[in-house]
Amino acid sequence: MAPQIAIIGGGPSGLTLARLLECNNIDYVVYERNISENSHPGQGGSLDIHGATGQEAPKRGGLSAEFEKLARRDATVAQVADKTGKQLVKFVGQAVKNVEGNFEGNVVTHFADGSKATGFRLVVGADGAWSKVRHLLTSAQPKYSGKSYIEGKISPANPFYPQVEARVGHGSMLAFGSRKHLAVQQMSDGSYRIYLGLTVSENAFALDNPNVDLVADNGALAREFFLSRPDYFSDWDDELKGIMANSEGGFRYWPLYHMAPNSLSWEHAPQVTLIGDAAHVSTPFVGEGVNCAMYDSLVLLEKILEFGTGDNVDRAIAEYEKDMFKRGRDLIERSMGSAELLFADDAPSGLVQIIQGSSE
1 MAPQIAIIGG GPSGLTLARL LECNNIDYVV YERNISENSH PGQGGSLDIH GATGQEAPKR
61 GGLSAEFEKL ARRDATVAQV ADKTGKQLVK FVGQAVKNVE GNFEGNVVTH FADGSKATGF
121 RLVVGADGAW SKVRHLLTSA QPKYSGKSYI EGKISPANPF YPQVEARVGH GSMLAFGSRK
181 HLAVQQMSDG SYRIYLGLTV SENAFALDNP NVDLVADNGA LAREFFLSRP DYFSDWDDEL
241 KGIMANSEGG FRYWPLYHMA PNSLSWEHAP QVTLIGDAAH VSTPFVGEGV NCAMYDSLVL
301 LEKILEFGTG DNVDRAIAEY EKDMFKRGRD LIERSMGSAE LLFADDAPSG LVQIIQGSSE
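Under full-length UniProt numbering, the first residue of the sequence shown carries the number 1, and numbering increases by one thereafter.
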């Protein structure tokens with residue numbers, strides 16, 4: 001007999017929901033394509049897990065003690081600088097191929113190895129921005145935001161590491177100017193992740209563009225490309241350029257997408273829903289994405305406990321989605337607004353004014 005609930009995707013929202021179901025004796029199965037927890041390079045960055053949203057799910061799941069063991073309380077210091085380097089603010093397994101509905105009204109999950117699974121009371125798409133489940137609910141797809149990151153790294157063995165450590169410490173640093181920014185964040189292994197934030201077209205570094213090889217395969221040429229051109233970082237502070245110049249290897253191109261806010265309004269469909277980025281992928285400019293995703297899991301659990309997984313499971317889905325739509329739209333809209341501040345010609349003046357105003 002199939003478990004009552006299938007969770008497609010083992011990211012933050014999917015695993016949070018799994019833990020909450022486990023604690024309430026509701027049987028489930030998680031389908032996750034990556035066979036190792038280290039399948040993605042560069043894991044280990046810090047996320048700001050908020051007390052009122054993201055931390056509520058671990059509390060309900062009996063994981064508060066484990067959360068405290070792993071929480072990086074020393075990584076909460078962040079700095080804001082302009083492009084001259086002047087510090088302006090410092091404040092302390094199986095891969096799913098596709099999912100479809102059949103003539104009997106059931107949701108069928110097809111896997112890359114040719115197998116399939118069905119018979120679930122509820123299928124939850126927790127499979128991220130390019131969800132294989134979303135099409136059962138809406139034809140909407142993520143749209144390019146106009147912003148992209150170029151991602152690099154400085155490891156503890158790097159000769160330039162002491163300079164970065166002295167400037168950034170255990171937290172993060174953000175420098176802004178001329179519609180670009182540089183973000184540096186210490187990872188859990190002590191290395192530093194570097195992000196070059198750019199306002200570029202969607203295909204600026206796409207596979208059919210020669211720049212993609214420059215970014216991914218030839219780190220030295222990529223650094224020269226970004227540091228020698230006035231439309232990128234040539235006029236930035238020497239210390240900030242030093243961080244970029246001494247990063248290691250090639251860069252990873254990371255275009256940023258978001259759902260249109262008004263796309264979070266689909267008609268309820270039986271036995272299926274979305275949580276996390278599958279529902280409301282957003283740009284990362286308000287630091288709320290993972291909090292909203294984990295809170296999705298908590299709200300969905302509460303509705304399942306209220307209405308059950310039997311004949312009223314669709315009532316649980318509808319009530320959850322009513323709550324999620326509002327929060328998801330708010331997340332996307334606020335992040336779009338923050339992007340305007342962070343990538344403005346006079347950035348970070350708008351951000352600094354907000355921070356200073358909120359502290360008065």
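Where is the CB? At the ideal position from N, CA and C, for every residue including glycine.
In this text, all values refer to a predicted model and were calculated from it rather than measured experimentally.
Original post:
Just curious, the alpha helix (DSSP H) that GLN163 is in, first and last residue?
Top reply: On the sequence shown, residue 163 is found 163 positions in, with the first residue counted as 1. It spans 161 to 168 - the alpha helix (DSSP H) in which GLN163 sits, taken as one unbroken run.
Subject >> Backbone CA spacing between VAL107 and VAL133 [nearest angstrom] >> reply: If you number the sequence shown from 1, residue 107 lands on position 107. If you number the sequence shown from 1, residue 133 lands on position 133. Each residue's alpha carbon lies about 10 Å from the other.
Original post:
Do you know offhand how far PRO12's Cα is from ASP231's?
Top reply: The residue labelled residue 12 in the question sits at position 12 within the sequence shown. The residue labelled residue 231 in the question sits at position 231 within the sequence shown. It is roughly 37 Å from the alpha-carbon of PRO12 to the alpha-carbon of ASP231.
Subject >> Cross-strand partners of ASN312 (DSSP beta bridge) >> reply: Numbered from 1 along the sequence shown, position 312 holds the residue referred to as residue 312. Paired residue(s): none; ASN312 is not in a bridge.
Original post:
In chain order, what residues of the same chain lie with their CB nearer than 7 Å to the CB of SER265, ignoring the 5 residues before and after it?
Top reply: Taking the sequence shown and counting its residues from 1, one reaches residue 265 at position 265. Taking SER265 as the centre and dropping the five residues before and after it, the same chain places the C-beta of PHE325 closer than 7 Å to its C-beta, in chain order.
Subject >> For PRO261, three-class secondary structure by DSSP >> reply: Taking the first residue of the sequence shown as position 1, residue 261 is located at position 261. If DSSP states are grouped into helix, strand and coil, PRO261 belongs with the helices.
**OP:** Using a Cβ-Cβ cut-off of 8 Å, state whether ASP323 counts as contacting chain B.
**Re:** No chain B appears in this structure, which consists of one protein chain only.
Subject >> Check whether TYR257 and PRO142 have beta carbons under 8 Å apart >> reply: Along the sequence shown, one-based indexing puts residue 257 at 257. Along the sequence shown, one-based indexing puts residue 142 at 142. Cβ atoms of TYR257 and PRO142: closer than 8 Å.
**OP:** Report the partner residues of SER304 according to the DSSP bridge assignment.
**Re:** In the sequence shown, residue 304 corresponds to position 304, counting from 1. The question names Ser, but residue 304 in the sequence shown is Ile. Looking at the DSSP output, ILE304 sits in no beta bridge, so it has no partner there.
Original post:
Given residue 393, which residues of its chain have a CB within under 6 Å of its CB, disregarding the five upstream and five downstream residues?
Top reply: Coverage of the chain is limited to positions 1 through 360, which leaves residue 393 absent and any answer about it impossible.
**OP:** Tell whether a beta-carbon distance below 8 Å holds between GLY276 and ALA126.
**Re:** The residue labelled residue 276 in the question sits at position 276 within the sequence shown. The residue labelled residue 126 in the question sits at position 126 within the sequence shown. Contact flag set, yes.
Original post:
In terms of residues, what are the limits of the alpha helix (DSSP H) holding ALA222?
Top reply: Your numbering for residue 222 matches position 222 in the sequence shown. For ALA222, the enclosing alpha helix (DSSP H) begins and ends at 219 to 228.
**OP:** Could you spell out the range, first to last residue, of the beta strand (DSSP E) harbouring GLU151?
**Re:** The count along the sequence shown starts at 1 and reaches residue 151 at position 151. Looking at the DSSP string, the run of the beta strand (DSSP E) that includes GLU151 is 143 to 154.
Original post:
The alpha helix (DSSP H) with ALA183 in it runs from where to where?
Top reply: Here residue 183 refers to the residue found at position 183 when the sequence shown is read from its first residue. Per DSSP, ALA183 is not a residue of any alpha helix (DSSP H); the beta strand (DSSP E) it occupies stretches across 180 to 186.
Original post:
CB-CB under 7 Å to LYS241, same chain, minus the five flanking residues each way: which ones, in chain order?
Top reply: Within the sequence shown, residue 241 is the residue found at index 241, counting from 1. LEU227, PHE233, listed in sequence order.
Original post:
Would you report the Cα separation of HIS181 and ALA222, rounded to the nearest angstrom?
Top reply: Looking up residue 181 in the sequence shown gives position 181. Looking up residue 222 in the sequence shown gives position 222. Approximately 17 Å between the Cα atoms of the pair.
Original post:
Which term fits LYS116, buried or exposed, when burial requires 16 or more other beta carbons within 10 angstroms of its beta carbon?
Top reply: By one-based count along the sequence shown, residue 116 stands at place 116. The residue in question, LYS116, is exposed, as its Cβ has fewer than 16 Cβ neighbours within 10 Å.
Subject >> Cutoff 8 Å; reference PRO3; Cβ partners in own chain excluding five residues on either side >> reply: Stepping through the sequence shown from its first residue, residue 3 is reached at position 3. Result list for PRO3: ASP27, TYR28, VAL29, PHE120, in chain order.
Subject >> Of the residues ASN158, ILE317, PRO156, the one placed nearest LEU301, counting alpha carbons only >> reply: Position 301 of the sequence shown, counted from the first residue, corresponds to residue 301. Measuring C-alpha to C-alpha distances from LEU301 to each of ASN158, ILE317, PRO156 identifies ILE317 as the nearest.
**OP:** Check whether the Cβ atoms of ARG329 and PRO261 sit closer than 8 Å, and answer yes or no.
**Re:** Here residue 329 is taken as the residue at index 329 of the sequence shown, counted from 1. Here residue 261 is taken as the residue at index 261 of the sequence shown, counted from 1. In this structure, PRO261 lies closer than 8 Å to ARG329 by Cβ.
Original post:
Between the C-alpha atoms of TYR320 and THR199, what's the straight-line distance to the nearest angstrom?
Top reply: Residue mapping note: residue 320 aligns to position 320 of the sequence shown, counting from 1. Residue mapping note: residue 199 aligns to position 199 of the sequence shown, counting from 1. Looking at the two C-alpha atoms, the distance is approximately 35 Å.
**OP:** Could you say which of GLY171, GLY197, LEU196, ALA175 lies nearest to MET187 if we only look at CA atoms?
**Re:** On the sequence shown, position 187 is the one that residue 187 refers to. Among GLY171, GLY197, LEU196, ALA175, the Cα nearest to that of MET187 is on GLY171.
Original post:
Nearest to LEU341 by alpha carbon, out of VAL281, SER263, PHE176?
Top reply: As a working mapping, residue 341 is identified with position 341 in the sequence shown. Per the Cα distances, PHE176.
Original post:
Nearest to PRO156 by CA position, among ARG193, ALA140, HIS135, is which residue?
Top reply: For the purposes of this step, residue 156 is identified with residue 156 of the sequence shown, where counting begins at 1. Put simply, of ARG193, ALA140, HIS135 the residue whose alpha carbon is nearest the alpha carbon of PRO156 is ARG193.
Original post:
Contact check, VAL164 vs ILE8 under 8 Å by CB: the rounded distance?
Top reply: On the sequence shown, position 164 is the one that residue 164 refers to. On the sequence shown, position 8 is the one that residue 8 refers to. With 8 Å as the limit, VAL164 and ILE8 do not qualify as a contact, their Cβ atoms being about 39 Å apart.
**OP:** Using only alpha-carbon positions, find the residue among SER297, ARG315, PHE343, LYS147 that is nearest to ILE10.
**Re:** As a first step, residue 10 must be located in the sequence shown, where it is residue number 10. Per the sequence shown, residue 10 should be read as Gly rather than Ile. Relative to GLY10, the option among SER297, ARG315, PHE343, LYS147 whose CA is nearest is SER297.
Original post:
By how many angstroms is the C-alpha of GLU267 removed from the C-alpha of GLU100?
Top reply: Against the sequence shown, residue 100 aligns to sequence position 100. Against the sequence shown, residue 267 aligns to sequence position 267. Their Cα atoms are separated by approximately 17 Å.
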